[in-house]
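1 is the number of the first residue of the sequence shown in the UniProt record's numbering; add one for each residue after it.
Note that beta-carbon positions come from the ideal geometry of N, C-alpha and C, so glycine has one too.
Bear in mind the structure is a predicted one, so any value in this text is a computation, not a measurement.
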Amino acid sequence: MNSGPVMEQLRKMHMLGLYTSTELLSSLMITMAKNCHDFFTMVNQCEMLMYNADFLFENKEYQKAEAVYHKALQLFKSIPKGKQKHTVLGLPQGISDIDIKFKIHKCCILLNNDSDALSILESISQKQRSMKVSLCLAKLYQKLNLEKQAVACYKEVLRNCPLALDCAIELLQLGEHPNVVISIMNINCSLDWLVPFIKAHGLRLNKDLNKSVVAFEGLTRRVSLNGNVDLLCSLASSCYHAGNTSAALQHFKSAVFQNPYRLKDMDLYAYLLSEDDQNEELEKLALKMISVSQHHPEPWIALGYHAKSKGDFTKAMYLATRATDLNSKCVQALLLKGVSLCKSGEVRTAVTYLRHAMLTAPNRLDCYAELVNAHKQDQRNNEALNVAKSALDAVGCTPDAIVLWAWASLFDSSSHDQVIRLVERALSINPDHRRAIEIRCMIADKQKKYDDAIKVLLDAIQRNGSSIYHTMLADFFVRISKFSDAVEHYNISLSINPNSAEAKAGLDKIESLEQSDTFEGDQDEELVGNDQEENRITGVPWPHDDWF
């Protein structure tokens, strides 16, 4: 009996990607091997087990595939060493225990069994580790917070593959200085943008956000890199973390125009669209992303933010859970889940996820901000204040971090003077900081210093005549009974943003008051008092849990 022609056919089908045919034939041949010991060699049997496991892997039966790969590995180890290497059609080096172990590792990863995946890769001796194995080890070490080992593996890959830019960025993420990373790469090529590229990422990860924005803008202006989607997304991310959300949105839109099927970084874009009330654009993005892949967290996050924008927090929580199941350290998924839990009243559970997000991304201010909001919703103001102060240490003395501290201190009336000092400090760095202006007006409203608030808003409108500022200014004119001025600014607000619900509500309120003839004498004074206590027109950003 000659098994040669059968094995050649089996190899040919496997090479051609006929996995179903390969699986059926290999299954029959494995049974024959058990019953007819002389028909197939041990090498043939190991090969057939590998093909059978490959089919199971392609069919997403990862647990079963792992078990069959382990059988193949045990059989391989029992083959005499001189006969272990066998030339398979198209595979000059044949089957090796390293190949089998790597495939077992892939099954473990897909089964969320990181410890077994790490164990099987570590069983490969250092001399035998390919760059592919070293890279997978680096990612696993990083995922399991074994940073020292991760750095060593990333450096090993980078020494052998100097243009492995993802490894360079991960080393920067792990705290390596850009100059150290550049020296490891030992760059000897004509890519004049390579060093600025590494330094731009270094600035972003080292919290020099404004400088990183300038650096990425410089890269995107290079003719050779014009329109590169990765650079546009890096620039958008830097703009967002530097506090310039409008620029971030614009750069993300440019990236999506260049590549409508991109998934990476689109979770942050979905969040920004949600915050900017661009719900139609968000829905289009989410549906496009989920049609591209259901095996990445970003599409589920985009769908989650769309559900949240419609007030369906239960669905948003479910979608966020789908995302965290795919990547337990996905910051945007953790934030979405935490915020949705807060909205559903499950604040204590939300805090767990928000803390996880903060620990995963200690340089992201939004993680601290959402945790502050959760503590304030739970009336744990001291905890909120402590988190806000820790954000200042972690992120740096940026206007956003200063304003977060002011926001956390706002509910304590004895701290109003300190809040004003913090807000003024933020405005000295960025005179157009919207949240700082809103808090300053909020304090003025609480202290009934309406003229102060009006002056602040008029100055802000001269620099940036946004719909929000005009609505707030109209609200303050109502406070001092200047209703004609209020109507004027509500209308200006609507001319800028026709969908402004606050401006529409303000006009409706004034119209109803005109009809009831409450614009004269003591009734005006009564109106102002009532507005302050219960019936506020909604433009002034009175404190609420998710304001920041």
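Query	Result
Exposed or buried, Leu158, counting other C-beta atoms within 10 Å across all chains shown (16 or more means buried)?	buried
If you measure between the beta carbons of Ile429 and Leu410, is that distance less than 8 Å?	no
Does Asn382 come out as helix, strand or coil in the three-state DSSP assignment?	helix
To the nearest angstrom, how far is the alpha carbon of Cys108 from that of Cys239?	37 Å
Would Tyr62 and Ile100 qualify as a contact pair, given that the criterion is a beta-carbon distance under 8 Å?	no
On a CA-only basis, which of Ala426, Val43, Ile98, Glu58 is nearest Ile79? Give me that one, please.	Val43
Does the region 475-494 come close enough to the region 430-450 that 3 or more CB-CB pairs lie under 8 Å?	yes
In chain order, what residues of the same chain have a beta carbon less than 8 Å from the beta carbon of Val456, not counting five sequence neighbours either side?	Ile437, Arg440, Cys441, Ala444
I need the DSSP call for Ser183, collapsed to helix, strand or coil.	helix
Put Lys207 into one of helix, strand or coil per three-state DSSP.	coil
Put Gly506 into one of helix, strand or coil per three-state DSSP.	helix
Phe257 and Ser234 look like a contact to me (Cβ under 8 Å); what is the Cβ gap, rounded to whole Å?	Actually they are not in contact, since the Cβ atoms of Phe257 and Ser234 sit about 16 Å apart, beyond 8 Å.
Compute the distance between the beta-carbons of Leu336 and Gly311, then report whether it is under 8 Å.	no
Put Ile480 into one of helix, strand or coil per three-state DSSP.	coil
Roughly how many whole angstroms lie between the Cα atoms of Arg11 and Ser134?	29 Å
For Met131, which option in Leu371, Leu110, Ala67, Cys167 has the closest C-alpha, if you only look at C-alpha atoms?	Cys167
Quick check: what's the CA-CA separation for Cys342 versus Leu365?	18 Å
Residue ranges of each alpha helix (DSSP H) run of no fewer than 4 residues wholly in the region 443-488, ordered along the chain?	450-463, 467-479
Who are the near neighbours of Phe57 in its chain, counting only those whose CB is closer than 6 Å to its CB and skipping five residues on each side?	Ala65
Where does the unbroken alpha helix (DSSP H) through Glu346 begin, and where does it stop?	Counting along the chain, Glu346 falls outside any alpha helix (DSSP H), and DSSP gives it neither H nor E.
Between Leu473 and Asp451, what straight-line distance do the alpha-carbon atoms span, to the nearest angstrom?	10 Å
Given a threshold of 16 other Cβ atoms within 10 Å of its Cβ, counted over all protein chains shown, does Pro543 qualify as buried or as exposed?	The predicted position of Pro543 is uncertain, since its pLDDT is 40 and thus under 50; no value can be drawn from it.
Note down, in chain order, each residue of its chain lying with its Cβ closer than 7 Å to the Cβ of Ala270, except the 5 sequence neighbours on either side.	Leu282, Leu285, Ala286, Ile301, Ala302, Tyr305
Would you kindly check if the distance between the Cβ of Ala384 and the Cβ of Ala408 is under 8 Å?	yes
Which residues mark the beginning and the end of the alpha helix (DSSP H) in which Tyr368 is found?	365-377
How about Lys504 and Leu494: do their beta carbons lie closer than 8 Å?	yes
Decide yes or no for the touch test of the region 353-371 against the region 383-399: beta carbon pairs closer than 8 Å, at least 3 of them.	yes
Between Lys329, Met185, Ile461, which lies nearest to Asn145 when the distance is taken from Cα to Cα?	Lys329
Given Tyr154, which residues of its chain have a CB within under 6 Å of its CB, disregarding the five upstream and five downstream residues?	Ala138, Cys167, Glu170, Leu171
Might you give, ordered along the chain, the residues of its own chain that have their beta carbon closer than 7 Å to the beta carbon of Gln332, omitting 5 neighbours on each side?	Asp267, Leu268, Tyr271, Ile301
Can you tell me whether DSSP reads Gly227 as helix, strand or coil?	coil
Can you say whether Glu526 is buried or exposed, counting buried as having 16 or more other CB atoms within 10 angstroms of its CB?	Residue placement at Glu526 is flagged as unreliable, the pLDDT there being 45, under the threshold of 50; the coordinate-derived value follows with that caveat. Exposed, by the Cβ-count rule.
Can you tell me which of the three DSSP states Arg221 falls into?	coil
Do you know how far the Cα of Ser119 is from the Cα of Gln84?	Any reading at Gln84 needs caution, since the residue's pLDDT is 49, under 50, leaving its predicted position unreliable; the model's value is listed next. Taking the straight line joining both Cα atoms gives about 23 Å.
From what residue to what residue does the alpha helix (DSSP H) around Pro297 run?	297-309
Quick check on the burial criterion: 16 or more other C-beta atoms within 10 angstroms. Buried or exposed for Ser414?	exposed
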